[in-house]
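FYI, our numbering numbers position 27 of the sequence shown as 33, with every residue one higher than the one before it. Built from N, CA and C at the ideal position, the CB exists for glycine as well. All of these numbers come straight from a predicted model, not from anything done at the bench. Everything below concerns the one structure shown next.
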Amino acid sequence: MAQIAVRLDSGIALVTLASPPEGQIGSDTVAELAATVASIEADATVRAVVITGGLEDIFASHYSVQELEDLSRRLRDGDTGAPATAIALLVAFEQVLGRIEASPKPWIAAINGTCLGTGFELALACDIRIVEDGDHAIGLPEINVGLLPGGGGTQRLPRLIGEARALELILMGRTVSPIQAVQLGLAQELAPDLAIDAAMIMARRLADQHPPAIARIKHLVRGARATPIEVGASLERERLIELLGQREVAELLSDLNHGYRDITD
Numbered sequence: 007m008a009q010i011a012v013r014l015d016s017g018i019a020l021v022t023l024a025s026p027p028e029g030q031i032g033s034d035t036v037a038e039l040a041a042t043v044a045s046i047e048a049d050a051t052v053r054a055v056v057i058t059g060g061l062e063d064i065f066a067s068h069y070s071v072q073e074l075e076d077l078s079r080r081l082r083d084g085d086t087g088a089p090a091t092a093i094a095l096l097v098a099f100e101q102v103l104g105r106i107e108a109s110p111k112p113w114i115a116a117i118n119g120t121c122l123g124t125g126f127e128l129a130l131a132c133d134i135r136i137v138e139d140g141d142h143a144i145g146l147p148e149i150n151v152g153l154l155p156g157g158g159g160t161q162r163l164p165r166l167i168g169e170a171r172a173l174e175l176i177l178m179g180r181t182v183s184p185i186q187a188v189q190l191g192l193a194q195e196l197a198p199d200l201a202i203d204a205a206m207i208m209a210r211r212l213a214d215q216h217p218p219a220i221a222r223i224k225h226l227v228r229g230a231r232a233t234p235i236e237v238g239a240s241l242e243r244e245r246l247i248e249l250l251g252q253r254e255v256a257e258l259l260s261d262l263n264h265g266y267r268d269i270t271d
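This is the structure in structure tokens:
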């Protein structure tokens, strides 16, 4: 059974996760997501991506409990192949998240409900997170079953909200509401109605922007934390000069100069 559906709409790829009955993400979902990301990257007509949950009030839940139980049993039974299996699963998921982060196209997570563990780690890899208001839990509660986040949660969350707050949330296994998620900086926007509607509005705006500029901005901002500011500023200058030499940019600047457009539009 397919775990992911993709619909193309005027330059926007809408990726819908459907892992019934509880929205858990397993190895099959990860493999399908990897193929989906690769397909989107290869499609030049796609200029923005929205990913959302296909189940009512669920964006995506934690990793498949059945698969984790099976791995736990194999490890406890001394299965010598179990560690390699576990590493392969974790690496496969991290590679997918890395491709989303490094994508030249903007990814928006329309969090339409519960978003826990692996599901939240997927959302953290996206560029923008929009949460739908409601009685939904968001966070990394793995410690409540004696585990830790295994899909980059311990790495991406502190980069997003700082080490102290990330430690508190992960160590306590605390989940937060959509409103709290925005207040803490876990998400950029709270949608009072449907998250998908707000995400599609944003995606349409992004799809209208100059793709080479979006790709360069993503690359610069994503790498800023690990780059000395003087190196980052030098890269910024190089990328700006590259854009200035492009025909489409020249046309946009001409329109601005002659009063045919406003830079705030």
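As assigned by DSSP and simplified to three states, the class of residue i
{"i": "Val12", "result": "strand"}
{"i": "Arg228", "result": "helix"}
{"i": "Ile269", "result": "coil"}
{"i": "Leu173", "result": "helix"}
{"i": "Thr275", "result": "Shown here, the chain extends from 7 to 271; a query on residue 275 therefore has no answer."}
{"i": "Pro218", "result": "helix"}
{"i": "Leu154", "result": "coil"}
{"i": "Ala50", "result": "coil"}
Candidates the options: closest to residue i by CA position
{"i": "Leu130", "options": "Ser109, Leu250, Gly158", "result": "Gly158"}
{"i": "Pro218", "options": "Ala50, Ile18, Ala24, Val21", "result": "Ala50"}
{"i": "Arg135", "options": "Gly32, Asp85, Asp203, Ala88", "result": "Asp203"}
{"i": "Cys68", "options": "Pro155, Val182, Ile247, Gly168", "result": "The sequence given here places His at residue 68; Cys does not occur at that position. Ranking the options by Cα distance to His68, first place goes to Pro155."}
{"i": "Leu39", "options": "Gln9, Thr58, Asp83", "result": "Gln9"}
{"i": "Arg105", "options": "Ile46, Gly29, Glu195, Ser25", "result": "Ile46"}
{"i": "Leu190", "options": "Tyr266, Phe65, Pro164, Gly125", "result": "Pro164"}
{"i": "Val12", "options": "Gly32, Ala213, Glu28, Ala54", "result": "Ala54"}
{"i": "Ile57", "options": "Ala19, Ser78, Leu258", "result": "Ala19"}
{"i": "Arg210", "options": "Trp113, Ile235, Gln101, Ser25", "result": "Trp113"}
{"i": "Leu128", "options": "Leu103, Ala41, Ser240", "result": "Leu103"}
{"i": "Leu177", "options": "Ile185, Leu192, Gln186, Thr160", "result": "Thr160"}
{"i": "Leu23", "options": "Thr120, Leu246, Glu100, Leu192", "result": "Thr120"}
{"i": "Ala98", "options": "Gly29, Leu146, Thr35", "result": "Thr35"}
{"i": "Val6", "options": "Glu257, His264, Arg267, Ile220", "result": "The structure shown does not extend to residue 6, since the chain spans only 7 to 271, so no value can be given for it."}
{"i": "Val188", "options": "Asp271, Asp85, Asp139", "result": "Asp139"}
{"i": "Asp199", "options": "Pro110, Asn118, Ile93", "result": "Asn118"}
{"i": "Val43", "options": "Gly238, Asp85, Pro110", "result": "Pro110"}
{"i": "Asp141", "options": "Ala37, Gly251, Gly229, Phe65", "result": "Phe65"}
{"i": "Asp133", "options": "Leu81, Leu166, Gly60, Leu173", "result": "Leu166"}
{"i": "Leu74", "options": "Gly229, Thr91, Leu258", "result": "Thr91"}
{"i": "Val273", "options": "Glu62, Gly29, Glu100, Gly87", "result": "Look at the range of the chain in this structure, 7 to 271, and you will see that residue 273 is not part of it."}
{"i": "Arg222", "options": "Leu250, Ser260, Glu195, Gly60", "result": "Leu250"}
{"i": "Asp15", "options": "Asn263, Asp214, Glu248, Leu259", "result": "Asp214"}
{"i": "Val21", "options": "Leu81, Ala205, Gln186", "result": "Ala205"}
{"i": "Thr181", "options": "Ile144, Ala172, Leu173, Gly168", "result": "Ile144"}
{"i": "Thr137", "options": "Ala193, His225, Ser240, Leu241", "result": "Sequence inspection shows Val at residue 137; the Thr mentioned does not correspond to that position. Answer by Cα proximity: Ala193."}
{"i": "Gln101", "options": "Lys224, Glu257, Ala37, Ala232", "result": "Ala37"}
{"i": "Pro184", "options": "Phe126, Gly87, His216, Leu258", "result": "Phe126"}
Span of the beta strand (DSSP E), counted from its first residue to its last, around residue i
{"i": "Glu28", "result": "Where Glu28 is concerned, there is no enclosing beta strand (DSSP E), given that its DSSP letter is neither H nor E."}
One or two residues paired with residue i in a DSSP bridge
{"i": "Gly145", "result": "Leu122, Thr181"}
{"i": "Glu195", "result": "Ile136"}
{"i": "Leu20", "result": "Arg13, Val56"}
{"i": "Leu61", "result": "Ile64"}
{"i": "Ala115", "result": "Ile57, Arg135"}
Limits of the unbroken alpha helix (DSSP H) element including residue i
{"i": "Val255", "result": "253-263"}
{"i": "Thr160", "result": "159-167"}
{"i": "Ala204", "result": "201-213"}
{"i": "Leu246", "result": "235-250"}
is_contact[residue i, chain D] using C-beta, thresh 8 Å
{"i": "Leu95", "result": "Absent from the structure is chain D; it holds one protein chain and no more."}
- Query: Curious, which full-length alpha helix (DSSP H) runs of at least 4 residues does the stretch 69-112 contain?
  - Reply: 71-82, 88-108
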